[in-house]
Structure formats: C-alpha cells, structure tokens
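K.L.:
Mind having a look at this structure? Questions to follow.
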Amino acid sequence: PIGPLRLSETAVESVVTGAMPGAFALGRMRGGSFVVKYVGRSDEDLRADLIAHARAGKYKLMRFDYCAGAAEAYARECAIYHDFGATWLLDNKQHPKPPEGAAMKCARCGK
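Here my numbering is used: the first residue of the sequence shown is 165, the next is one more, and so on.
Structure, rendered in structure tokens:
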C-alpha cells in the first residue's frame with residue numbers, strides 16, 4: 165500500500181497515476197497511527213475517485229493500492245473492510261458490493 169498521505173486534490177494529482185483501478189482506505193492520525201475510517205475502491209479510475217473524496221473534505225489521509233482490474237480491486241476492498249472492523253468500526257454502512265455484472269463473492273464472508 166502507498167501512504168498514509170494527505171488527502172487533497174493536489175496530493176492525489178501529484179501521487180496517483182492516471183485512470184487505473186485500485187482500493188483505498190481513508191482516515192486520520194491518532195496518537196501517531198493511521199486510523200482507517202472508510203474503505204472503498206475504484207473499478208476504473210482511482211485518481212478521480214480519490215479526488216472526489218478529497219473535495220468532500222471528510223477525511224484527511226489516504227492509503228491506496230493499484231490493482232490489475234475491478235475484480236482485484238473488489239477483493240482488496242473486502243480484505244481492507246474486514247481487516248479494519250467492517251461496519252462496527254468503519255463509516256461504511258454496508259459490505260462492499262462486487263463490480264457490476266460480476267458474479268463474485270467476498271473471500272472472507274461469502275457476501
């Protein structure tokens with residue numbers, strides 16, 4: 165994973181390569197540690213999705229991974245989601261959904 169880095173339009177534009185799939189974690193620092201509060205993915209353009217989150221201004225930091233495609237991004241998003249507490253500790257209100265048209269299920273919970 166790359167980060168944690170400041171989540172701002174400028175940072176995303178300078179660090180994140182063009183239109184590529186990927187998974188990400190957003191959050192803040194607490195006591196010298198990165199605290200993940202939201203996980204997500206982009207099936208096509210990680211850079212554009214992170215810029216949208218930067219503009220929303222809710223989260224201050226980001227970590228991200230590039231992925232080979234939407235299926236890999238979904239699998240990575242699910243892993244991060246479960247690793248950091250699912251809906252119990254994250255701002256995510258529901259489990260990640262598979263890419264549109266994909267007959268995939270989460271490797272961790274089968275959803």
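Glycine included, each C-beta is placed from N, C-alpha and C at the ideal position.
(1) Measure the alpha-carbon distance for D207 versus A266 and round it to whole angstroms.
(2) How long is the line joining the alpha carbons of A218 and C242, rounded to whole angstroms?
(3) When you compare each of S172, S197, Y238 to R211 by their alpha carbons, which one comes out closest?
(4) Quick one: grab the DSSP three-state call for R194.
(5) For D229, which three-state DSSP category applies?
(6) Count the other CB atoms, across all protein chains shown, that sit within 10 Å of the CB of D213; report buried if there are 16 or more and exposed otherwise.
(7) Could you check the C-alpha separation between P185 and M226 for me, to the nearest Å?
(8) In the segment 197 to 254, which residue ranges form an unbroken beta strand (DSSP E) of at least 3 residues, counting only runs that do not cross its ends?
(9) Could you tell me which residues DSSP puts in a beta bridge with A189?
(10) In the DSSP output, which residue or residues are listed as bridge partners for L169?
P.N.:
Answer, in terms of the structure:
(1) 12 Å
(2) 22 Å
(3) S172
(4) strand
(5) strand
(6) buried
(7) 16 Å
(8) 197 to 206, 225 to 230
(9) V203, R227
(10) M226
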